[in-house]
Amino acid sequence: EADIYQTPRYLVIGTGKKITLECSQTMGHDKMYWYQQDPGMELHLIHYSYGVNSTEKGDLSSESTVSRIRTEHFPLTLESARPSHTSQYLCASSDPLAGVYEQYFGPGTRLTVT
Amino acid sequence: GESVGLHLPTLSVQEGDNSIINCAYSNSASDYFIWYKQESGKGPQFIIDIRSNMDKRQGQRVTVLLNKTVKHLSLQIAATQPGDSAVYFCAENNGGTYKYIFGTGTRLKVLA
């Protein structure tokens, strides 16, 4: 069982609201990732981080932002939610420098914007 | 209408039979491969991995085969059980970089 947590698990909000999706891991991994996944579809990388104070945009254009102030915490923020943001958001971590190439995933946040 | 993504390739197997799920990967430089299982509404769960210096790796009831010549990966599940019903997808990585390339997935249905 991976020690990576996401909250909330489910969120329904109205258009224009600001939201933050939380992700925490207790494995001390340096690398963390945010993916967006629509039902039955592939995972698309939207943000990643190599470590504290390091964040990069991924392959999929996203209107979200991330921060990495602490190793264990990698929150994702949507300043103004829109219906097009409705999706599942998955957080993951890995530590290839320690030989941990495997990505550990959290349970996901299912976001619905009305 | 329905999203194309909902029409995942589906493999239906009888309970107790063996399952084989295939994946074609894209980058010949990839040196690390993972198989994930994803149940509805949950995050992907690691099943087994293999590095490019190996052709085969076995776990509990699962075996991964890697054919680098044709860039093909397969997952074999022995004695498939109802709890194995899920979407399975492979992922590839090169040198531990940030970029994991994920396959589209195969839905496994176990028939009682």
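Read top to bottom, the protein sequences are chains A and B. The opening residue of the first sequence carries number -9 in this note's numbering; numbering runs sequentially from there. The opening residue of the second sequence carries number 16 in this note's numbering; numbering runs sequentially from there. Note that beta-carbon positions come from the ideal geometry of N, C-alpha and C, so glycine has one too.
According to DSSP, residues forming a beta bridge with residue i
{"i": "A:I3", "result": "A:V103"}
{"i": "A:Y38", "result": "A:Y23 and A:E46"}
{"i": "B:R122", "result": "B:T25 and B:V102"}
{"i": "B:A39", "result": "B:H87"}
{"i": "A:R58", "result": "Answer by DSSP bridge pairing: none, since A:R58 is not bridged."}
{"i": "B:E107", "result": "B:F48 and B:I116"}
Minimum Cβ-Cβ distance from residue i to chain A less than 8 Å
{"i": "B:I62", "result": "no"}
{"i": "B:N108", "result": "yes"}
{"i": "B:I49", "result": "yes"}
{"i": "B:G16", "result": "Residue placement at B:G16 is flagged as unreliable, the pLDDT there being 34, under the threshold of 50; a coordinate-derived value is accordingly withheld."}
{"i": "B:P24", "result": "no"}
{"i": "B:Y103", "result": "no"}
{"i": "B:P124", "result": "Per the sequence shown, residue 124 of chain B should be read as Lys rather than Pro. It does not; no Cβ of chain A falls within 8 Å."}
{"i": "B:G111", "result": "yes"}
{"i": "B:T121", "result": "no"}
{"i": "B:G74", "result": "no"}
{"i": "B:G56", "result": "yes"}
{"i": "B:Y40", "result": "no"}
{"i": "B:P59", "result": "yes"}
Simplified DSSP state of residue i, which is helix, strand or coil
{"i": "B:S67", "result": "coil"}
{"i": "A:D85", "result": "strand"}
{"i": "A:S74", "result": "helix"}
{"i": "B:D32", "result": "coil"}
8 Å Cβ cutoff met for residue i and residue j
{"i": "B:C105", "j": "B:L88", "result": "yes"}
{"i": "A:Q15", "j": "B:Y115", "result": "no"}
{"i": "A:F95", "j": "B:P59", "result": "yes"}
{"i": "A:L1", "j": "A:T99", "result": "yes"}
{"i": "A:C13", "j": "A:Q(-4)", "result": "yes"}
{"i": "B:Y113", "j": "A:K21", "result": "yes"}
{"i": "A:W24", "j": "A:Y79", "result": "yes"}
{"i": "B:N33", "j": "B:A93", "result": "yes"}
{"i": "B:K71", "j": "B:L80", "result": "yes"}
Expected contact under 8 Å - CB spacing of residue i and residue j to nearest Å
{"i": "A:G6", "j": "A:A71", "result": "7 Å"}
{"i": "B:V77", "j": "B:I62", "result": "6 Å"}
{"i": "A:L68", "j": "A:H75", "result": "6 Å"}
{"i": "B:E30", "j": "B:L126", "result": "7 Å"}
{"i": "A:P97", "j": "A:R(-1)", "result": "6 Å"}
{"i": "A:S44", "j": "A:R60", "result": "Rounded, the Cβ-Cβ distance is 12 Å, inconsistent with contact."}
{"i": "B:D46", "j": "B:G110", "result": "6 Å"}
{"i": "A:Y38", "j": "A:G30", "result": "Actually they do not touch by this definition, with Cβ atoms about 24 Å apart."}
Test: residue i CB closer than 8 Å to a CB of chain B
{"i": "A:Y38", "result": "yes"}
{"i": "A:Q93", "result": "yes"}
{"i": "A:R100", "result": "yes"}
{"i": "A:G30", "result": "yes"}
{"i": "A:G18", "result": "no"}
{"i": "A:K8", "result": "no"}
{"i": "A:K47", "result": "no"}
{"i": "A:L80", "result": "yes"}
{"i": "A:L33", "result": "yes"}
{"i": "A:G41", "result": "no"}
{"i": "A:P97", "result": "yes"}
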